[in-house]
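Just so you know, we're using my numbering here: the sequence shown kicks off at 29 and counts up by one.
Each residue gets a CB set at the ideal place from its N, CA and C atoms; glycine is no exception.
None of the values given here were measured: they were computed from a predicted structure.
First the structure, in the form of structure tokens, and then the observations on it.
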Amino acid sequence: GKQVTISLHQLSKEEKWGYLQEDVAFIDSILNKAPAIVTALDGYKSVEIVDACYRAVSTGERIQFR
Numbered sequence: 029g030k031q032v033t034i035s036l037h038q039l040s041k042e043e044k045w046g047y048l049q050e051d052v053a054f055i056d057s058i059l060n061k062a063p064a065i066v067t068a069l070d071g072y073k074s075v076e077i078v079d080a081c082y083r084a085v086s087t088g089e090r091i092q093f094r
């Protein structure tokens with residue numbers, strides 16, 4: 029596919045240092061009582077993956093995800 033390079037100096041401050049779209053979606057879900065795009069379980073699973081990766085690096089063993 030086409031490769032695109034974006035320099036950080038081309039982005040607005042909000043895009044450089046934050047998660048503007050994620051923040052807007054989160055606030056929208058609160059104000060409009062809409063379901064959250066990302067759940068607490070999604071966050072938990074992400075932390076599990078990172079933890080498993082750290083364990084794999086420190087032990088040299090493979091990890092499996094179920």
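| said: Looking only at its chain, what residues have a beta carbon closer than 8 Å to the beta carbon of ALA84, apart from the 5 residues adjacent to it on each side? | reply: ARG90, ILE91
| At what residues does the alpha helix (DSSP H) containing LEU48 begin and finish? | 48 to 59
| request: In the DSSP assignment, find the unbroken alpha helix (DSSP H) run with LYS73 in it and report its ends. | output: 68 to 87
| field | Nonlocal neighbours in the same chain, by C-beta distance under 6 Å from PHE93, ignoring five residues either side | value | none
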